[in-house]
Amino acid sequence: MNTVDQKLDLRNIPSYSISESARYLLIPVGTLRSWLHGRFYPTGEGKQFFKPLIELPSPEIPQLSFTNLVEAHVLRVIRKNHQIRLDRVRTALDYIDHQFQVPHPLARIEFQTDGVDLFVDSVGKLINASMAGQLAMREALKNLLRRIELDETGAAIKLFPLTRLTENLTEKEFPKTLVIDPRISFGRPVLIGTGIPTAILAERYKAGESIDDLADDYGCDRLQVEEAIRCELSLSQAA
0 MNTVDQKLDL
10 RNIPSYSISE
20 SARYLLIPVG
30 TLRSWLHGRF
40 YPTGEGKQFF
50 KPLIELPSPE
60 IPQLSFTNLV
70 EAHVLRVIRK
80 NHQIRLDRVR
90 TALDYIDHQF
100 QVPHPLARIE
110 FQTDGVDLFV
120 DSVGKLINAS
130 MAGQLAMREA
140 LKNLLRRIEL
150 DETGAAIKLF
160 PLTRLTENLT
170 EKEFPKTLVI
180 DPRISFGRPV
190 LIGTGIPTAI
200 LAERYKAGES
210 IDDLADDYGC
220 DRLQVEEAIR
230 CELSLSQAA
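So for the sequence shown, numbering that gives the first Met the number 0 puts the first residue at 0; every next one is plus one.
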């Protein structure tokens with residue numbers, strides 16, 4: 000895909016605010032902002048500036064693209080589950096960029112195949128991770144990558160977001176109930192196979208309609224409606 004095609008691709012259009020991206024991906028807003036804009040951090044030699052981990056489509060527009068969502072989805076498990084320092088993540092990402100020489104490698108098939116091993120090996124050397132630690136990191140990343148669907152070019156086209164986090168992220172625990180697809184509903188989360196936006200279900204729930212009534216109206220089961228509501232707001236806050 001050439002540069003012009005990349006700019007026209009729906010996946011690369013600024014579409015998501017930081018707050019809604021953080022909500023979809025279960026990432027603290029401040030954390031996501033530092034990944035996008037960088038931040039200063041203290042060292043023995045004084046303050047150092049940490050470069051951003053994710054490159055936005057436009058420096059003038061403070062919104063993420065779909066591709067950025069996928070990148071943040073992958074980065075979350077690296078930071079949350081394994082607490083790897085940002086400067087070491089940056090070093091490993093630079094290594095991946097050099098190896099593959101494609102834009103946004105975390106959102107491409109190259110990362111799903113060889114990239115996970117390259118990334119984990121690189122990080123492992125930087126932090127002296129044990130073999131068990133590296134194995135756990137590989138498994139966690141591979142579980143998250145199963146929630147990304149690629150197109151025929153090997154680039155991410157669908158993201159199946161999680162609505163809850165646990166230590167072990169498995170397909171069995173978290174079925175693919177919701178999907179974010181830049182070609183459907185302006186890239187907002189919808190129920191798989193229906194096109195029903197999660198925001199509509201959440202608004203009706205907040206207005207006082209029961210989960211069972213919403214499931215009947217839309218021909219869904221209760222679990223699907225609950226997952227849609229969790230994507231937009233916590234059930235306790237909505238009550």
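Ideal Cβ positions, reconstructed from N, Cα and C, are used throughout, including at glycine.
Small disclaimer: the values here were computed from a predicted structure and weren't measured.
How many Å lie between Ser184 and Leu190 at the Cα?
-> Computed Cα separation, rounded: 11 Å.
Since Glu202 is in the beta strand (DSSP E), which residue starts that stretch and which ends it?
-> Boundaries around Glu202 are those of the alpha helix (DSSP H), 197–205, since no beta strand (DSSP E) includes it.
DSSP three-state call for Gly185: helix, strand or coil?
-> For clarity, residue 185 is Phe in the given sequence; the question names Gly instead. The answer is helix: DSSP assigns Phe185 an H, G or I state.
Could you give the DSSP three-state label for Lys244: helix, strand or coil?
-> Residue 244 lies beyond the stretch modelled for the chain, which goes from 0 to 238, so this question has no answer here.
Exposure label - Arg10; buried when at least 16 CB within 10 Å = buried
Report yes if the C-beta distance between Phe65 and Gly192 is below 8 Å; otherwise report no.
-> no
Buried or exposed: Phe159, going by 16 or more other Cβ atoms within 10 Å of its Cβ?
-> buried
Look at Pro181 and Tyr23 and say whether their C-beta atoms are less than 8 Å apart.
-> no
For the 8 Å Cβ check, are there 3 or more pairs between the region 137–147 and the region 42–56?
-> no
Hey, which unbroken runs of the beta strand (DSSP E) at 3 residues or more fall wholly within the region 14–77?
-> You should have 38–42, 45–49.
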